[in-house]
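Report on the structure given below.
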Ligand SMILES: O=C(O)c1ccccc1N[C@@H]1O[C@H](COP(=O)(O)O)[C@@H](O)[C@H]1O
């Protein structure tokens, strides 16, 4: 299973989190966020982490030109589009940067919102489900209703996000089996300052859970990864 730790702002923490087992690091490129990090600093961090770690920039309603410039400066391998980006916008981004992983985040208020996922399937690589908050775009610590996601099996990989912590991850994964999980505020001391002890605790729990999965469950989560 992919594990993305988001909201990295410090180089030493990025390297430590990669060593602990994260498969992806997330960098908030939204200037209004308390976790914002400028592209030059993302680049410095990305030059210090192993090349197999995914380097994901989180954007919200940026222009295509801004995204392309930041991706190149910051050495990103993927983008997470967390605003109201349309499928057409995703198509344009795909044409501009064909090798970039495009993750479309959808903020889910109720199961009705899950229907939106169909619109993006032909123009993105990966979906991400986050909880809806009326004032904030993300990093809210709010959880989704996992029970309502039990029947969510999109034909592409997907991340579960929204208020995940080392304390609730076992419960969340008892309801849903995503291809990846994404944690931010649940593993930090304050916005942008990650808590390495909490992240170590998370990986301990995940390692124990791997043994609890049946071979069939493990197989299907690996198939999702392609
Ligand atoms: O973290 C932020 O400040 C942020 C700002 C704008 C868009 C997205 C943001 N974070 C994303 O929110 C989800 C869930 O975070 P949390 O675990 O509930 O704190 C995660 O995907 C972050 O990438």
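Residue numbers (our numbering): 7 to 232.
Cβ coordinates follow ideal geometry from the N, Cα and C atoms, glycine included.
Can you grab the Cα-Cα spacing for the pair residue i / residue j, in whole Å?
{"i": "residue 52", "j": "residue 200", "result": "17 Å"}
{"i": "residue 16", "j": "residue 103", "result": "27 Å"}
{"i": "residue 144", "j": "residue 44", "result": "18 Å"}
{"i": "residue 162", "j": "residue 131", "result": "7 Å"}
{"i": "residue 140", "j": "residue 100", "result": "29 Å"}
{"i": "residue 90", "j": "residue 211", "result": "34 Å"}
{"i": "residue 226", "j": "residue 23", "result": "Because the pLDDT at residue 226 is just 45, under 50, the model does not fix this residue reliably, and the value given afterwards should be weighed accordingly. When rounded, the distance between both Cα atoms is 26 Å."}
Secondary structure at residue i, three-state DSSP: helix, strand or coil?
{"i": "residue 213", "result": "helix"}
{"i": "residue 60", "result": "strand"}
{"i": "residue 182", "result": "coil"}
{"i": "residue 81", "result": "coil"}
{"i": "residue 95", "result": "helix"}
{"i": "residue 117", "result": "helix"}
{"i": "residue 174", "result": "coil"}
{"i": "residue 123", "result": "helix"}
Identify the residues that DSSP records as bridge partners of residue i: which are they?
{"i": "residue 27", "result": "According to DSSP, which records beta bridges pairwise, residue 27 is partnered with nothing at all."}
{"i": "residue 111", "result": "134"}
{"i": "residue 87", "result": "65 and 110"}
{"i": "residue 42", "result": "34"}
{"i": "residue 194", "result": "200"}
{"i": "residue 187", "result": "9 and 166"}
Hey, would you say residue i sits closer than 8 Å to residue j, going by beta carbons?
{"i": "residue 204", "j": "residue 172", "result": "yes"}
{"i": "residue 64", "j": "residue 12", "result": "yes"}
{"i": "residue 198", "j": "residue 37", "result": "no"}
{"i": "residue 31", "j": "residue 61", "result": "yes"}
{"i": "residue 186", "j": "residue 165", "result": "yes"}
{"i": "residue 42", "j": "residue 34", "result": "yes"}
Any contact between the segment 177 to 184 and the segment 144 to 156? By contact I mean 3 or more CB pairs, one from each, below 8 Å. yes
If contact is defined by three or more beta carbon pairs under 8 Å, each pair taking one atom from either stretch, is the segment 109 to 117 in contact with the segment 79 to 98? yes
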